[in-house]
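First the structure, in the form of structure tokens, and then the observations on it.
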Amino acid sequence: MTLTSHSPTDSTTMVIKPRVRGFICVTSHPIGCQRNVQDQIEFVKKQGPISNAPKKVLVIGSSTGYGLASRIVAAFAGGAGTIGVFYERPSEGGKPATPGWYNSAAFEIAAKKAGLCAINLNGDAFSDELKANTIEAIKKELGQVDLVIYSLASPRRKHPITGVVHNSVLKPIGQVYVSKTLDTDKEVVKEITVEPASPEDIVETQAVMGGEDWEMWIDQLSAAGVLADGAKTVAYSYIGPEVTWPVYRDGTIGVAKTQVEKAAQRINEKLAVSGGKAYVSVNQAVITQASSAIPVVPLYISLLFKILREKNMLEGCIEQIYRLFAVQLYSGNAPELDEAGRIRVDNLEMRADVQSKIKELWPQVTTENLKTVSDFEEYKSEFVKLFGFGVPGVDYEKEVDPACL
Ligand code: NAD
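Numbered per the working numbering, the sequence shown spans residues 27 to 431.
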């Protein structure tokens, strides 16, 4: 899936500006996205190679956020051939593509330039069809894979067996949740009330984010003989601070994430015969399209980033994933696990001094002091950067073809 240039006669060039609507930006900039990918590649190269890293890697949810960072670390610190699966919209009728489309095209170009195999598969990862296409691509291009990263974040899933479309919700369970939140458009700190989930909401959210699809992937890859002996698989999770527990950890999504941990145990048992391993890695809160849609999280991240920066501990997706690979998964030693058997790269976020500062600042933050108490300016600039805007060195007044990199 390389973006191809149009002939001069049908090319449409335009100046692309950000158009933010709530927690989404409806435009994106191809050159800015490409620069973001390149910056992550440069970061990884600077850290240096990871000698025990896998050479053949499948990343499910590879176009943005933690999945993109995983693909970049695998390729540029491990020299891996990668297959990336994602669901993104190409440019159509002169409209920009989604950022994940540009990111994936930019990754493919950079990986191929570095002599690495890079296959992009755009479609619904929940479907049997895309799983079958992925298996075909692995057989043809890589033979087998020795690492499968599962990094999907999706609001819905069409079940491949029943055909039912399940919708996930972010709701508390058994209680109304009232909290401070941030209206990022109006830049106002206000109160939010979230009604409790119904029993159906809980089941629906589990069906989307509860690990059944991860297990289906591993079962099908395994049955097709495309998982190498000793292959590892990792799914990403989040726990976060007490202020968000009612709506996150103890809410519908938290229940689903607990199911992912149970799926990890089952997958572990299945992979044990071939020496394989399944892990859940709990990662730090970062600004991604998925996290910006969660109530309360943008305000929490704005505070967190200020605290972590002051302590010189701030990490984004790429720093987190480099550390996950270098220190936990491929250090030569077994990963360090918490009491529930999970890898914790959220250890800096969850440090007692960081969380006690959050507790101290949370009641203090208001619309008036938002920009001094928190790093909201940083939040805004990182948010538009996800869509390729505000990236240093990009000329945003220059016309670009939204269908080309
Ligand atoms: P993201 O929104 O940046 O990326 C989601 C990816 O999933 C994209 O590549 C998208 O194309 C893909 N995707 C979504 N639906 C798909 C479908 N039907 N078929 C194929 N691909 C599909 O998300 P993220 O924030 O990087 O989250 C990834 C994982 O990391 C999630 O499990 C999330 O819970 C976890 N996590 C996120 C954070 C955070 O703060 N963002 C923190 C810890 C853990």
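Note that the Cβ used here is the ideal one computed from N, Cα and C, for glycine as well.
If you're wondering where the values come from, they're calculated on a predicted model, not measured in any experiment.
Asked	Found
Host beta strand (DSSP E) of residue 257 (start-end)	253-263
Residue 58 CB to nearest heavy atom of ligand 1 below 6 Å	no
Residue 101 to residue 197 span [Cα, whole Å]	37 Å
Pairwise C-alpha distance: residue 116 and residue 422	20 Å
Sequence-distant residues of its chain with Cβ nearer than 8 Å to residue 226 (five each side left out)	none
Contacts around residue 179, its chain only, beta-carbon distance under 6 Å, and the 5 residues preceding and following it disregarded	316
Cut-off 7 Å between Cβ atoms - residues of its own chain near residue 292, not counting five sequence neighbours on either side	241
Chain-ordered residues, beta carbon under 6 Å from a heavy atom of ligand 1	87, 88, 89, 90, 91, 92, 93, 111, 112, 113, 114, 126, 150, 151, 152, 177, 178, 179, 180, 262, 263, 264, 309, 311, 312, 314, 315, 316 and 317
Same chain only: Cβ atoms within 8 Å of residue 228, ignoring 5 sequence neighbours per side	199, 278 and 281
Nearest to residue 309 (by Cα), restricted to the options 431, 285, 274 and 347	347
Three-pair Cβ contact test at 8 Å for the region 296-311 versus the region 360-374	yes
For residue 43, three-class secondary structure by DSSP	coil
Touching by the beta-carbon criterion (3+ pairs, under 8 Å), the region 266-276 and the region 87-97	no
Beta-carbon proximity list for residue 54, same chain, < 6 Å, skipping 5 on both sides	122, 125, 413 and 414
Residue 93: first and last residue of the uninterrupted alpha helix (DSSP H) it sits in	91-104
Burial state of residue 300 (16 or more Cβ within 10 Å)	exposed
Continuous beta strand (DSSP E) assignments of at least 3 residues falling wholly in the region 128-172	144-148
Whole-Å CB distance - residue 253 paired with residue 302, under 8 Å assumed	7 Å
From 428, 335 and 201, residue whose alpha carbon lies closest to that of residue 400	335
Nearest to residue 148 (by Cα), restricted to the options 319, 113 and 118	113
Whole-angstrom distance between residue 329 and residue 311, CA atom to CA atom	11 Å
Proximal residues to residue 247 (C-beta, below 6 Å), its chain only, five neighbours per side dropped	253
Start-end ranges of the alpha helix (DSSP H) lying completely within the region 340-381, minimum 4 residues	343-349
Sub-7 Å separation of residue 257 and residue 172 beta-carbons	yes
Check whether residue 208 and residue 325 have beta carbons under 7 Å apart	yes
Contacting residues, own chain, Cβ-Cβ under 8 Å from residue 104 (five flanking each side not counted)	75, 76, 79, 80, 81, 83, 351 and 356
Residue 399, DSSP secondary structure in three states	helix
Residues near residue 223 in its chain [Cβ-Cβ closer than 8 Å; skip 5 each side]	195, 197, 198, 199, 231, 277 and 278
Span of the alpha helix (DSSP H) around residue 57	56-73
Residue 64 versus residue 201 - alpha carbon distance	45 Å
Start and end residues, beta strand (DSSP E) containing residue 82	82-86
Cut-off 6 Å between Cβ atoms - residues of its own chain near residue 239, not counting five sequence neighbours on either side	152
Sequence-distant residues of its chain with Cβ nearer than 7 Å to residue 44 (five each side left out)	51, 53, 410, 413 and 415
Chain-order list of residues whose beta-carbon lies under 8 Å from that of residue 234 (same chain, five-residue window excluded)	180, 181, 182, 183, 192, 193, 194 and 282
Cα-Cα separation between residue 18 and residue 344, rounded to whole angstroms	With the chain running from 27 to 431 in the structure shown, residue 18 is simply not present.
Extent of the continuous alpha helix (DSSP H) run through residue 193	Where residue 193 is concerned, there is no enclosing alpha helix (DSSP H), although the beta strand (DSSP E) it sits in stretches over 191-193.
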